[in-house]
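Contents: one structure, followed by commentary.
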Amino acid sequence: MKQRNLLLLGILFAYCLGSALVINAEDPYLFFTWTVTYGTRSPLGVPQQVILINDQFPGPPIEGTTNNNIIVNLINKLDEPFLITWNGIKQRRMSWQDGVLGTNCPIQPNSNWTYHFQLKDQIGTYTYFASTSMHRASGAFGALNVYQRSVIFLPYPKPDADFTLLVSDWYKMGQKEMRKRLDSGRNLPLPDGLLINGVSKGLIFTGQHGKIYRFRISNVGISTSINFRIQGHMMTLVEVEGSHTLEEVYESLDVHVGQSLTVLVTLKAPVKNYFIVASTRFTKPVLTTTATLRYQGSKIGPSRPLPIGPTYHVHWSMKQARTIRLNLTANAARPNPQGAFHFGTIPISRTLILANGRATINGKLRYTVNRVSYVNPITPLKLADWYNIPGVFNFTTIKNISTPGPSVLGTSVFDVALHEYVEFVFQNNERSIQSWHIDGSNAYVVGYGTGTWNIAMRKRYNLVDAVSRHTFQVYPMSWTSVLASLDNKGMWNVRSQIWSRRYLGQELYVRVWNNERSIYTEAEPPLNALFCGKAKRPV
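Numbering (mature numbering (1 follows the signal peptide of the UniProt record, and there is no 0)), first residue to last: -20 to -1, 1 to 519.
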């Protein structure tokens, strides 16, 4: 009877918070209080203003377990509004917690807001970062690692320890200076350098000979793809953004902006120190940074030359991307085979061909999707949709495919039915690599190709064991196709992870909807929901 009462109290508590989650007694809560401030650091040897969380750069990690409930009380001590988004965390039925301007009013200076979400049925390597303005370029990012429950079997050897590496490109100019430059119509130059965990040199990871270590690697930069490698060691890929992969072995791996992956490394080389190397891809010149893998007891420092990375050629990276496959026999966060979802046999209900572009609108540089450069309304889309507030957005602004004509400013929202099976084709007609992210859902990356996509390209798709992830690279003058079952009701952001492009309009929203009002399909607004613009707190 006592256990039944606890369960009922958990359900009541979830309902009162406006959550669709059924919170059982065994789903623990992790509580965090984060204060966001400015501070001074010297990542590249020059003192500059950065954004700190609890005086840390990068911000403090969240180390959770599947189904943990995460409570983050965020106190904004900056001089401007601020939000954090949880990159890759699906937040089932909870787009209210997504932390982007389409779903949340920003947290005003000298105020706070509390995020509440559950790591529902997820495991893997994720990140969080500031979603407002260009704040992400000055810090306010960190690791979010989700471990499996004890009843879940790992499909790879249990590691002896974990190392988390947040790799970022970095500018000596601050985020406010970047905004002035972008607002004046000038693009950002090549970054000044690369960082690993907020530093450009001197970082040491220590392990024991014969032990197996799990390296969690995330590209938290704003503009450049990176290649990652460890001198004298091979890496076994085991997970990509929550999906267990076939255990292929690599000398080096490309990690594109916003992406995360996990590799196993066995320390079986001679006892000494070795270079860990990250270098930029598709840039001239190539930027490189290093850390050190130290064998316990070693008295021998790492020796040059550094391990050689791949050349500029795009084909090498695309070929490697096609080798990343889903492990169909592995368990997911729940004890059921991932391969039980036969994604390749489901009829496609809708195709959205999203072409990125660059344009001059009203005399200013803007970036576009299907000729529309996104502008955030003062009223978040989610609030406007929930409370039927007119005049905020409509579903005719953006088309399913790019059409001829001039580029325009607008608030782009696609209307998609709950459980629709949608093909997103990201078409890149530019000579720089792009990176795209979908909030609220993972998608199966079924195809990469050069040139312009057409329906005949579906013959090339991997419809058997394509990896499921949330961020997708699109190579220069090429296309990437992903398939997504949009079973997470809400208003979800689709954005360029190249942050200057997103700042200047390269994003949109997908409203996943049906006419059922139920806490089992979508949560009510949380009691602490912020209101702004035309949205007023109901009496």
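The beta carbon of each residue, even a glycine, is placed where N, CA and C say it ideally should be. Only a predicted model underlies this, so the values are computations on that prediction, with no experimental measurement involved.
Taking the CA atoms as reference points, L363 sits about 6 Å from A515. D101 and R72 have their C-alpha atoms some 9 Å from each other. Between F262 and the set S22, R351, Q414, G122, the nearest pair of CA atoms involves Q414. Fully contained in the region 149 to 176 are the following alpha helix (DSSP H) runs of length 4 or more, in chain order: 155 to 163. In the three-state DSSP reduction, A117 falls in the helix class (H, G or I).
Rounded to whole angstroms, M457 and T13 show a C-alpha spacing of 44 Å. Annotation: the continuous beta strand (DSSP E) that includes Y106 extends over 104 to 110. Given a length threshold of 4 residues, the region 385 to 454 has no whole run of the alpha helix (DSSP H) inside it. Assignment of beta-bridge partners to F11 by DSSP yields I51. According to the DSSP assignment, W66 belongs to the beta strand (DSSP E) that extends over 64 to 67. About 17 Å separates the beta carbons of V447 and L244, which is beyond the 8 Å limit, so they are not a contact pair. For R129, the closest C-alpha among the options L273, F143, G104 is that of G104.
By the neighbour-count criterion, in which 16 or more other beta carbons inside 10 Å mark a residue as buried, E496 falls on the exposed side. In this model, V352 and N380 are separated by some 12 Å (Cα to Cα). Contact annotation: L145 and F109 have beta-carbon atoms that are not nearer than 9 Å.
In its chain, beyond the 5 residues on either side, R305, N307 have a beta carbon closer than 7 Å to the beta carbon of L226.
The closest CA to that of A503, considering only E43, D78, V52, is found on D78. Straight through space, the alpha carbons of I176 and Q276 are spaced by roughly 21 Å. In terms of CA proximity to N53, N508 leads the group N508, R517, G513.
Boundaries of the alpha helix (DSSP H) harbouring A301: 294 to 302, taken from the DSSP string. For the set V454, P137, F97, the Cα lying nearest the Cα of V294 is the one of V454. Two segments are said to touch when three or more pairs of C-beta atoms, one from each, lie closer than 8 Å; by this definition the region 115 to 125 does not touch the region 277 to 294. Between the region 177 to 188 and the region 264 to 274 there are three or more inter-stretch CB-CB distances shorter than 8 Å, so the stretches are counted as touching. Taking the Cα of N442 as reference, the smallest distance to any Cα among G427, N494, G431 is reached at G427. Boundaries of the beta strand (DSSP E) around Y193: 192 to 199.
According to DSSP, H224 shares a beta bridge with E219. The beta carbon of I328 lies closer than 8 Å to those of Y401, V402, E403, L463 in the same chain, with the five residues before and after it left out. P384 and I435 have their alpha carbons spaced roughly 20 Å apart. Around the C-beta of R166, fewer than 16 other C-beta atoms lie within 10 Å, and the residue is accordingly described as exposed. Note on F133: under 16 other CB atoms within 10 angstroms of its CB, so exposed under the neighbour-count rule. Rounded to whole angstroms, the gap between the alpha carbons of G154 and S223 is 35 Å.
Burial check for H450: the Cβ neighbour count within 10 Å reaches 16 or more, so the residue is buried.
In the DSSP assignment, G337 is bridged to T348.
Across the structure, V349 and G238 are spaced so that their CA atoms are roughly 19 Å apart.
For L361, the uninterrupted alpha helix (DSSP H) segment begins and ends at 361 to 366. Closest option to Y193, judged by alpha-carbon separation, among N422, L174, T242, F121: T242.
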